[in-house]
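Heads up: the sequence shown runs through residues 711 to 1033, numbered per my numbering. Only one structure is covered here, and it is reproduced in the block below.
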Amino acid sequence: MPASRRALVRGAGLAAALFALAACAAPGITARLEHDVAHVTIGGAPFASVHLAAQPRPYVFPILGPDGVMMTRSFPMAEVAGEERDHPHHQSLWFAHGSVNGFDFWVGKAHRERLEWNGVCDIDNEPTRCRLRCGYRWLADGDTLVCTEERELVFAGGDARTIDVSVTLRPGSQPLVLGDTKEGTFALRVHPALCVESKTATGKLVNSEGQQNRDVWGKKARWIDDSGTVEGKQVGVAMFDHPANHGYPTWWHARTYGLLAANPFGVHDFEGKPAGTGNVTVPVGGRLTLRYRVLLHGSGWDQQRLEAAWQAWSTGQPATPTQ
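Structure representation (structure tokens):
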């Protein structure tokens, strides 16, 4: 296979025979697009699947860490005995927010809000990683366009597996207002065994400031990590905030029942300031870019090693500021 191939697929209703295949130059890292799901494998074994056209929002599931260990909860995408069924809007790894021009894209109880995939998935081969680019229209109440989104996901393997996610939001015909609420924003629901408080809990939460478990909720930090034992393996998942992001270092809507979420907008809930203090308005013609990393690791990842990994990532990639 050539060192570099590129797949461009248009249309969510493609026939079954139409698919694209992209292989990274790093040995065994492959992305394959079938219909509206992009599958990433390492050495032929599953790593992650991106459900591009899922409703009401796209998500990444499953996500497998070192040794093929499942890193996120399966519900509501799949039924697994013994898993809690709370918060059905917690879909593995996703991006959403509870107040976007007044609409709730986080829970969406009345089904007024949805992300509509533009039918394009652009897959690039690079020397050490696979890169996927796609786009969305954030819609409410039928076809009301709230904003558009350009999303990039980069998957890589090695001593630890990583998923880099970059999201750029652009207003529709009206300014875009990201509202002050704790319900958001870049989020991951961990495997039940990684919970700190549950029937099967083995997890421990720690952030870059040294706070642990319940004390991490609503606190600002460069990164957060949740480690424990899954399927007899010592594993963990860390989430990194980028210095160019709005609100850096972000607040963390992180719960001991298994939710990790970077939320740069929820000032009122996290710090008790007047409602609306954390509102961010992006003018028509402007944009807001947020960038995060998810790091899936094995044993031996203490705070010093996590900090070094964050430093390397945060200084090694070009940043796109809010404009």
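Built from N, CA and C at the ideal position, the CB exists for glycine as well.
Residues bridged to Phe-805 (per DSSP): Phe-896.
Coarse secondary structure for Asn-973, derived from DSSP in three states: Correct three-state label for Asn-973: strand.
Reduced DSSP category for Leu-731 - H, G, I as helix; E, B as strand; rest coil: Caution is warranted here: a pLDDT of 30 is assigned to Leu-731, below 50, making its placement in the model unreliable, and the coordinate value is therefore given only provisionally. It is a strand residue.
Phe-896 versus Gly-982: straight-line alpha-carbon distance, rounded: Distance from the CA atom of Phe-896 to the CA atom of Gly-982, rounded to whole angstroms, is 21 angstroms.
Span separating the alpha-carbon of His-821 from that of Arg-847: Their Cα atoms are separated by approximately 15 angstroms.
Proximity below 8 angstroms, CB of Asn-973 to CB of Gly-889: Taking 8 angstroms as the Cβ cut-off, Asn-973 and Gly-889 do not qualify as a contacting pair.
Length of the line joining the Cα atoms of Leu-731 and Arg-924: Only weak support exists for where Leu-731 lies, its pLDDT of 30 falling under 50; the coordinates are left without a value.
Pro-776 and Val-945 closer than 8 angstroms at C-beta: Going by C-beta atoms, Pro-776 is nearer than 8 angstroms to Val-945.
Pick from Phe-805, Gly-754 and Val-750 that is closest to Leu-969, judged by C-alpha positions: Closest in alpha carbon position to Leu-969, among Phe-805, Gly-754 and Val-750, is Phe-805.
For Arg-841, the first and last residue of its enclosing beta strand (DSSP E): Residues 840-850.
Backbone CA spacing between Pro-984 and Leu-743 [nearest angstrom]: Between Pro-984 and Leu-743, the C-alpha separation is close to 46 angstroms.
Outcome for Ser-809 when other beta-carbon atoms lying within 10 angstroms are tallied against a minimum of 16: So Ser-809 counts as buried.
Closest residue to Gly-1026 among Gly-829, Asp-874 and Thr-740 (Cα-Cα distance): Out of Gly-829, Asp-874 and Thr-740, Asp-874 has the C-alpha closest to the C-alpha of Gly-1026.
Close Cβ partners of Glu-860 (< 6 angstroms) along its chain, the five nearest in sequence each way excluded: A distance below 6 angstroms between beta-carbons, with the five flanking residues on each side excluded, links Glu-860 to the following residues of its chain, in chain order: Gly-845 and Thr-878.
Neighbour-count burial assignment, Arg-1003, 16 or more Cβ in a 10 Å radius: By the Cβ-count criterion, Arg-1003 is buried, with 16 or more other Cβ atoms from all chains shown falling within 10 Å of its own Cβ.
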